[in-house]
Structures are given as structure tokens and as C-alpha cells.
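Peer 1:
In my numbering, the protein residues as written are 7 to 464.
(1) Just the Cα atoms here: how many angstroms apart are residue 310 and residue 323?
(2) In the structure shown, what three-state DSSP assignment does residue 225 receive?
(3) Flag this pair as touching only if the region 183–191 and the region 105–122 have three or more C-beta atom pairs under 8 Å; answer yes or no.
(4) Between which two residues does the alpha helix (DSSP H) holding residue 108 run?
(5) Mapping the DSSP letters down to three states, classify residue 256 as helix, strand or coil.
(6) Run the CB neighbour count on residue 361, radius 10 Å, all protein chains shown included, and call it buried at 16 or more, exposed below.
(7) Can you tell me the Cα-Cα spacing of residue 14 and residue 382, whole angstroms?
(8) Do the region 230–237 and the region 167–181 touch if we need at least three Cβ pairs shorter than 8 Å?
(9) Please list the segments of the alpha helix (DSSP H) lying wholly inside the region 129–167, counting only runs of 4 or more residues, in order along the chain.
(10) Under 8 Å between the Cβ atoms of residue 253 and residue 80?
(11) Is the CB-CB distance between residue 215 and residue 294 below 8 Å?
(12) Could you tell me the boundaries of the alpha helix (DSSP H) in which residue 401 lies?
(13) Given a threshold of 16 other Cβ atoms within 10 Å of its Cβ, counted over all protein chains shown, does residue 422 qualify as buried or as exposed?
(14) Buried or exposed: where does residue 427 fall if 16 or more other Cβ atoms within 10 Å of its Cβ makes it buried?
(15) When you compare the CB positions of residue 307 and residue 229, do they come within less than 8 Å of one another, or not?
(16) Would you call the region 124–132 and the region 98–107 touching, i.e. three or more CB-CB distances under 8 Å?
(17) Use the C-beta contact count for residue 340: other C-beta atoms within 10 angstroms, 16 or more gives buried, fewer gives exposed.
(18) If you draw a straight line from the alpha carbon of residue 149 to that of residue 256, how long is it in whole angstroms?
(19) I need the straight-line Cα distance from residue 78 to residue 91, nearest angstrom please.
(20) Can a CB atom of chain B be found closer than 8 Å to the CB of residue 193?
(21) Kindly list the residues whose CB is nearer than 6 Å to the CB of residue 155, restricted to its own chain and excluding five residues on each side of it in sequence; keep chain order.
(22) Just the C-alpha distance for residue 359 and residue 277, rounded to the nearest angstrom, thanks.
(23) When DSSP labels each residue in this structure, what does residue 18 get in the three-state scheme?
(24) Below 8 Å on the Cβ atoms is my guess for residue 48 versus residue 193; work out the distance and round it to an integer in Å.
(25) Is residue 7 helix, strand or coil by DSSP?
(26) Around the C-beta of residue 453, are 16 or more other C-beta atoms found within 10 angstroms, so that it is buried, or is it exposed?
(27) Taking C-beta to C-beta, are residue 282 and residue 170 nearer than 8 Å?
(28) Thinking residue 409 and residue 262 are a contact (beta carbons under 8 Å), I'd like their distance in whole angstroms, please.
(29) Do the region 196–205 and the region 129–149 touch if we need at least three Cβ pairs shorter than 8 Å?
(30) Run through DSSP, which three-state label would residue 352 get?
(31) Got a sec? Which residues, its chain only, sit under 6 Å from residue 434 by beta carbon, not counting five neighbours each side?
(32) Just to confirm my understanding: we take residue 413, look at its own chain, exclude 5 residues before and 5 after, and list those with CB closer than 6 Å. What are they?
(33) Which residues bound the alpha helix (DSSP H) around residue 308?
(34) Among the residues of its own chain, which have a CB less than 8 Å from the CB of residue 250, if the five just before and after it don't count?
(35) Nearest CA to the CA of residue 297: which residue from 160, 333, 420?
(36) Would you decide whether residue 7 is buried or exposed? Buried here means 16 or more other CB atoms lie within 10 Å of its CB.
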């Protein structure tokens, strides 16, 4: 059996543990992003601007459908961490087995929804006619791998909940190498275009799913997965859904607002869509680095909530806020100042469109990358609320502060001045407003917890 040493999040110094938790998770997230980045780079270089736009234009739609189903994995992470912090091994085991069963059902449902509705939704988004057939083909193949993707993420959520972020990194390293190799083989050797990169991603998702399930079966603690014990535990599923569904809805609402924005971007034509896709991919790496701190805030707050240590929770959020500022500020500005060589990776000059694509990407990065740390603030504050079990509250705040705001912005400000600048400036404004509201309600919730519990030592 696998000997594992789980992280003690409820005692001792915090900064070192948060960094040890976050760095492997950060690298894991970036490797996961390489799935899509490899798709975009390979098709951009070897299949042309139309294929680049086809793959890039699907991002908002994929996130819209996936985030709704994946939200329950957040509930899994919070619940396992809470029970683990409270030292309730039986509850941890039941949650693990329930999570695996639920992820299989959710994965199949997500794949079916994606296959059936991808093309109508692409049309609803106003995808350019020269992009639509390729984008539709990419999505249909991509969603065939969705059950494996969701099962992997549930398994990884269990590992994160007890502080094991290294094994997901190893798993995604192996799957990522397979993805890149298959991308090159299917596109360059077999000339399969977008179908090839979608197939490569689906195979990689299958590999990562198989490896994470094997990892859980080899553990020697309360997180060990035993095949005959996999079942739905009603009370655990209900709690996972109560905590996780709002997170999924929030992710889908963000994606919905991004779909509205993507629809506005689509109106500028395929070259602008391609430039926007390239910039989005680069930004994704910065976001994923910050998201690792968000995941840390959820897990550390959840364990300390289970252990009844509110003062330690306050320290967790403070350290996470400083850390995400450093990461988001440094990487965001680096990406902005290095925009030309970075965007150039995604665009071939075979069609004479390279500089146009880079110019569009620069416009987006000016408004998104430079102030990206604001997005990190927003995420960490929301993570604190979710770790306390207040999942509907950040969802409601995000609905008003980001999603409704962006949709209203597109239908008012952008409609009055239809430029790319007017689209992109809505991002930092919405991040700042949503963060402020999240932080106010987090402090209120934490104060209420402190009043209910006796004072604990850190």
C-alpha cells in the first residue's frame, strides 16, 4: 500500500504549508491548461487561423457546461477537509466513496449534455460561419472525454483535502506528455486538424482518470478507495451538493457572462476571435497560478473550521491574500510586458495575419493581465466563505457583482461604443467590486463563528 504523510493544516506555522500545498497544485493546474494550450498552438501553427479560432472560440462554452457539473467537486473537497480536520475517519471514507460514485454519474450527464447542445449553443453565440463546423467537431469529440475529466477532478479534490497535491501533479505530468505527443502525431502526421487535438485531449483525460483512481485504491488511510464500497451516501451527497452546487452555478454564471462577451467578440470576425483566444490561453496560466491559492484557502479554512479554530482561519486568509497578490501581480505584469513573443507562439504568419492576431491579443492583455491580481483577491475571499460552508453567499455576490454587471455592461456601455477596449475594461471593474463584497461578508461570517466557539490557540 502507498504510505502517505498528510499535511497537518490545523497546527503549526502556516506560510510554509500553504506554499507546499499550493506550488504542486499550481504546477498541476498549469499542466492541465497545457491540454488546451497545446491544442491551440498546434492548430494555430499547422492548421491555420480558422482552426485556431475554432478551438479558441469553444473555451467559454466548455467552461459554461463543465463548471456547473464540476462544482460538486468543490463540495467534495470542503467536506473531506472538514471531516479530516475533525478527525472523523468514517465520514471521510463515506465521502470519498460517495464522491467517486457521484462523479461517474455527473460525468456521463455532462458528456451527454455537451454532445447534444454544443452545436446549437455555438450558433446562439454567433460563431462565425467559417469557424462553426470545426468548432462543433472539436466540442463533440472533447465531450466524449468529459466523464473521465470529471472523475479525475473529484479524485484530485479528495487528495487536496488532506494536503496531497503532489500526486495530481505527477498524474497530470504523465497525461500532459501523452496529450502533446498525440497532438503532434494527429495534426502533423495524420492531418486530422481540430479532430486530432480533441482526440488527444480525450485520451489524456482517460489516462489521468485511471491514474487518480489507482492512487486512491493504493492509499493506506481513511481516503482509501475500495471498489465494493463505492455507493451513494445520501447525507454526504446532499451536503456535497449543498456546498458544491452554488460553486458550480457561480462558475457557470461567470462562463455565461463570458459567453455574452465572446458573442460580442465574435462580431469582429475570425481574426479577432483568434487573437482573443491566444491572449486568453496565456492569461489562463496566470489565473491557474492564482487559483492554487484559492484552493488552498478553501482547504485550509475547511480543516480549521472542522477543528474549531477561527483565529487560525483569519491568518489563513491574510497569508493567502498576500501570496495571491505577489503571484498575480508578478505573473500578470510579466505576461503583459512579454506579450509579443508569447502571443507569437500561437500565430503562424502563413496567412499574413500574425501581427493582427498579436495586436488583438495585446489589447485584451492590457486590461486583463496587468490588474489580474484583483481576480485573485476575489477568488481567495470567495474561498474563505466556501471553506466556512457559506457557498450560496459568494454565488449570489458573484451573480450581481460580475455576471449581471458584465451582461449589463455589454448591453449598455459596449453598445454605445463598440470597441474591444469597452469589452475588456469590464473585467477589472467587476473583479474589484466582487472582491469588496466577498471580503465584507467573510469577515461577518468569521466574527459570527468566533462568537459561537471558545477561543482556540493557533
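Glycine included, each C-beta is placed from N, C-alpha and C at the ideal position.
Peer 2: Once the coordinates are examined:
(1) Residue 323 has its alpha-carbon roughly 12 Å from the corresponding atom of residue 310.
(2) Strand.
(3) A contact is defined here as three or more CB-CB pairs under 8 Å, and the region 183–191 fails this definition with respect to the region 105–122.
(4) Counted as a single uninterrupted DSSP element, the alpha helix (DSSP H) harbouring residue 108 occupies residues 95–130.
(5) Reduced to three states, the DSSP call for residue 256 is helix.
(6) Under this definition residue 361 is an exposed residue.
(7) Each residue's alpha carbon lies about 25 Å from the other.
(8) Here the region 230–237 makes no contact with the region 167–181; the two share fewer than three CB pairs at distances below 8 Å.
(9) Counting only runs of 4 or more, we get 138–150, 152–167.
(10) Cβ distance < 8 Å, so residue 253 and residue 80 count as in contact.
(11) Here residue 215 is not near residue 294, since their CB atoms are 8 Å or more apart.
(12) Residue 401 -> alpha helix (DSSP H) spans 398–404.
(13) By the C-beta density criterion, residue 422 is exposed, having fewer than 16 other C-beta atoms within 10 angstroms.
(14) The residue in question, residue 427, is exposed, as its Cβ has fewer than 16 Cβ neighbours within 10 Å.
(15) No.
(16) The answer is no - the region 98–107 does not touch the region 124–132, with fewer than three Cβ pairs under 8 Å.
(17) Of the residues assessed, residue 340 falls on the exposed side of the cut-off, its CB having fewer than 16 other CB atoms within 10 angstroms.
(18) Distance between the alpha carbons of residue 149 and residue 256: 21 Å.
(19) Rounded to the nearest whole angstrom, the CA to CA distance from residue 78 to residue 91 is 20 Å.
(20) Of the protein chains in this structure there is only one, and it is not chain B.
(21) Only 211 meet the Cβ criterion.
(22) If you draw a straight line from the Cα of residue 359 to the Cα of residue 277, it comes to about 7 Å.
(23) Residue 18 falls in the coil class under three-state DSSP.
(24) Between residue 193 and residue 48 the Cβ distance is about 5 Å, and since that is below 8 Å, they are a contact.
(25) Unreliable placement is indicated for residue 7, whose pLDDT of 39 sits below 50; no coordinate value is reported for it.
(26) Residue 453 is exposed by the Cβ-count criterion.
(27) In this structure, residue 170 does not lie closer than 8 Å to residue 282 by Cβ.
(28) For a cut-off of 8 Å, the C-beta gap from residue 409 to residue 262 is around 6 Å, short enough to register as a contact.
(29) Contact between the region 196–205 and the region 129–149 is present, because at least three Cβ pairs lie under 8 Å.
(30) Residue 352 sits in coil when the DSSP states are folded into three classes, being neither helix nor strand.
(31) Excluding positions up to five away in sequence, the list reads 377, 380.
(32) Cβ neighbours of residue 413 within its own chain (closer than 6 Å, five residues either side excluded): 263, 266.
(33) Secondary structure note for residue 308: its alpha helix (DSSP H) is the uninterrupted segment 276–313.
(34) So the qualifying residues of the chain are 77, 78, 79, 80, 81, 82, 84, 397.
(35) The residue with the shortest Cα to Cα distance from residue 297 is 333.
(36) Bear in mind that the predicted position of residue 7 carries a pLDDT of just 39, short of 50, making it unreliable; the figure below should be weighed with that in mind. When all chains shown are included, residue 7 counts as exposed.
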